[in-house]
Amino acid sequence: MTSWHMARRAERLNPSTIREILKITERPGIISLAGGLPATESFPVAALQEATARVLRETPREALQYAASEGFAPLRAWVADELSAQGLSASADRVLITTGSQQGLDLVAKVLVDPASRVAVEAPTYLGALQAFAPYEPEFTEIEGDAEGPTPAALDAARGARFLYLLPNFQNPSGRCLGAARRDALAERALEIGLPVVEDNPYGELWYDAPPPPPIAARLGDGAVYLGSFSKVLVPGLRLGYVLAPAVLYPKLLQAKQAADLHTPGFNQRVVYEVIKDGFLARHVPTIRARYKSHRDAMRVALEQHMPAGCRWNVPAGGMFFWVELPPQLDATALLPRAVAAGMAYVPGAPFFAGGGHANTLRLSFVTVAPALIEAGIAALAQVLKETLAS
Ligand SMILES: Cc1ncc(COP(=O)(O)O)c(C=O)c1O
Numbered sequence: 004m005t006s007w008h009m010a011r012r013a014e015r016l017n018p019s020t021i022r023e024i025l026k027i028t029e030r031p032g033i034i035s036l037a038g039g040l041p042a043t044e045s046f047p048v049a050a051l052q053e054a055t056a057r058v059l060r061e062t063p064r065e066a067l068q069y070a071a072s073e074g075f076a077p078l079r080a081w082v083a084d085e086l087s088a089q090g091l092s093a094s095a096d097r098v099l100i101t102t103g104s105q106q107g108l109d110l111v112a113k114v115l116v117d118p119a120s121r122v123a124v125e126a127p128t129y130l131g132a133l134q135a136f137a138p139y140e141p142e143f144t145e146i147e148g149d150a151e152g153p154t155p156a157a158l159d160a161a162r163g164a165r166f167l168y169l170l171p172n173f174q175n176p177s178g179r180c181l182g183a184a185r186r187d188a189l190a191e192r193a194l195e196i197g198l199p200v201v202e203d204n205p206y207g208e209l210w211y212d213a214p215p216p217p218p219i220a221a222r223l224g225d226g227a228v229y230l231g232s233f234s235k236v237l238v239p240g241l242r243l244g245y246v247l248a249p250a251v252l253y254p255k256l257l258q259a260k261q262a263a264d265l266h267t268p269g270f271n272q273r274v275v276y277e278v279i280k281d282g283f284l285a286r287h288v289p290t291i292r293a294r295y296k297s298h299r300d301a302m303r304v305a306l307e308q309h310m311p312a313g314c315r316w317n318v319p320a321g322g323m324f325f326w327v328e329l330p331p332q333l334d335a336t337a338l339l340p341r342a343v344a345a346g347m348a349y350v351p352g353a354p355f356f357a358g359g360g361h362a363n364t365l366r367l368s369f370v371t372v373a374p375a376l377i378e379a380g381i382a383a384l385a386q387v388l389k390e391t392l393a394s
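Given below as C-alpha cells:
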C-alpha cells in the first residue's frame, strides 16, 4: 500500500474556522453574521455584464490567452495612480496584480519567512493572514495595543522580525482604525528599529464617518509592502488584488507568483479595468458606504437594545465588523452550536489571536444581511447569552 509522507508545512495547514462556520451557515434559515461576505446587492452586475461583452467583442483572443505575470499593464497603471493619490510613492513597475490580496499575503510570506524566523502581528489580527503565514513556519510575536491599535512602544517586541503585519484601517476583526498621529509614531519607530511593515488595506474605502488617514506605507518608503483588493469595492468573485512592493522585493514576489499560478486571470483583469477605467468607483463606492453605514447603525442599535450587561463592543467607523467581548466566564467557541440552534451564527474571536486565549470574544459582520435580520440575529444571540449567564 502506498504511504504518503506529508511535508511539515502541511501540518501547519488548518481548516479555516470561518470557512467551516460558513458551511453551517449555508443552512437555510440561519442568520449569518459570521462571514465577511460583501452584500450581493452592492455588486455592479450590469456594469460587469457590459464590460464582459466588450472584452469578448473587442479583445477576445488577447483576453483568453496566457498573460504577463506582473498583471495587465493598464490595470497596473490604474493601481499606481490610485496609490499615488493616497500619498504612496507608487509606479506601475512595482505593482503586482494578485489573485486576491490573499495571494499577496502568501507570496510575501513565501519570500520573507524562514522556519523559526519571527513575524509580528497585531492581537487580534486577520485570521486568513495567520493561515497564509503559518505554513512557512514563523514564530509569531503579538504586538500589544490599545483601542486604537498597536502602540509605538510595543513595536520594540518586534525588533528583528522579518516584518510587522499591520491593518491600519477598520481592522478585521476588531474594526479599529489607527489615527494619523499613531500612524506617524508607529512609522517613526519602525524606521528607527529597521522593522519592515506589510500593510494590508482591503477596507480603507469603506468609511462611514470620515476617510481614514493616508496609508502608513506612505511614511515608510521602501520599508513597506502595501496590499490592496478589489473584493470589497467591486466584487470578491473575480479574485483581484494587488501588491505594491519595494524594488528589492519585487522580482522575488514576481517569481513566487509565477511558481504559484503564472498569472492572475487576464480576462478578469481586463473586465475589471473596463469597468473602473473612467471613474466608476468614485460613483459606486459611495453607494456601498451608504448601505453598510445603515447596516452598521442597525447593528449598533440592536446590540444596545438586546445584549446582556457585561458585554462590550466597539462601534466601527468603517469596514465590516463589530468586535464583542463577552463576560470572561463565557466561551464563544463553546456557545456557537447553541447560537446556531437559535438561528444565528458568528465567528469566535480566539482564532484571530496568534497566541491563543481570548475565548470570550467574537466577531459580528454587519454587511451581508439586511438590517431587519441583523436585529433578529442579535436578539437571538443575546437570548442565548442571557440563558447561559442565568444557568
Ligand atoms: C484583512 C484582509 N486581508 C485580506 C483579505 C483577502 O481578500 P481578497 O483575497 O478577497 O482580496 C481579507 C478578506 O476578507 C481581509 O479581511
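Once you know that position 135 of the sequence shown is 138 in the working numbering, the rest is easy, because the numbers rise by one and skip nothing. C-beta: ideal position from N, C-alpha, C; glycine also.
Status (buried if at least 16 other CB within 10 Å, exposed otherwise) for residue i
{"i": "residue 176", "result": "buried"}
{"i": "residue 26", "result": "exposed"}
{"i": "residue 234", "result": "buried"}
{"i": "residue 134", "result": "buried"}
{"i": "residue 216", "result": "buried"}
{"i": "residue 246", "result": "buried"}
Test item: CB-CB of residue i and residue j under 8 angstroms
{"i": "residue 126", "j": "residue 145", "result": "yes"}
{"i": "residue 314", "j": "residue 331", "result": "no"}
{"i": "residue 353", "j": "residue 364", "result": "yes"}
{"i": "residue 371", "j": "residue 42", "result": "yes"}
{"i": "residue 189", "j": "residue 153", "result": "yes"}
{"i": "residue 226", "j": "residue 194", "result": "yes"}
{"i": "residue 33", "j": "residue 310", "result": "no"}
{"i": "residue 202", "j": "residue 230", "result": "yes"}
{"i": "residue 263", "j": "residue 115", "result": "no"}
{"i": "residue 70", "j": "residue 269", "result": "yes"}
{"i": "residue 138", "j": "residue 120", "result": "no"}
{"i": "residue 272", "j": "residue 75", "result": "yes"}
Contact test: residue i Cβ vs ligand 1 heavy atom, cutoff 7 angstroms
{"i": "residue 171", "result": "no"}
{"i": "residue 175", "result": "yes"}
{"i": "residue 105", "result": "yes"}
{"i": "residue 187", "result": "no"}
{"i": "residue 234", "result": "yes"}
{"i": "residue 239", "result": "yes"}
{"i": "residue 203", "result": "yes"}
{"i": "residue 39", "result": "yes"}
{"i": "residue 207", "result": "no"}
{"i": "residue 321", "result": "no"}
{"i": "residue 178", "result": "no"}
{"i": "residue 244", "result": "yes"}
Span of the alpha helix (DSSP H) around residue i
{"i": "residue 385", "result": "374-393"}
{"i": "residue 131", "result": "130-136"}
{"i": "residue 7", "result": "Looking at the DSSP string, residue 7 is not in any alpha helix (DSSP H), and its letter there is neither H nor E."}
Limits of the unbroken beta strand (DSSP E) element including residue i
{"i": "residue 146", "result": "142-146"}
{"i": "residue 101", "result": "98-101"}
{"i": "residue 278", "result": "Not the beta strand (DSSP E): residue 278 falls in the alpha helix (DSSP H), residues 269-279."}
{"i": "residue 125", "result": "121-125"}
{"i": "residue 229", "result": "227-232"}
Spatial distance of residue i from residue j (CA atoms)
{"i": "residue 94", "j": "residue 64", "result": "28 angstroms"}
{"i": "residue 208", "j": "residue 214", "result": "7 angstroms"}
{"i": "residue 87", "j": "residue 285", "result": "16 angstroms"}
{"i": "residue 136", "j": "residue 258", "result": "18 angstroms"}
{"i": "residue 183", "j": "residue 30", "result": "43 angstroms"}
{"i": "residue 265", "j": "residue 361", "result": "40 angstroms"}
{"i": "residue 299", "j": "residue 323", "result": "8 angstroms"}
{"i": "residue 344", "j": "residue 84", "result": "49 angstroms"}
{"i": "residue 5", "j": "residue 297", "result": "57 angstroms"}
{"i": "residue 161", "j": "residue 147", "result": "10 angstroms"}
{"i": "residue 275", "j": "residue 334", "result": "43 angstroms"}
Contact test: residue i Cβ vs ligand 3 heavy atom, cutoff 7 angstroms
{"i": "residue 129", "result": "Within the structure as shown, ligand 3 is missing, the only ligands being ligand 1."}
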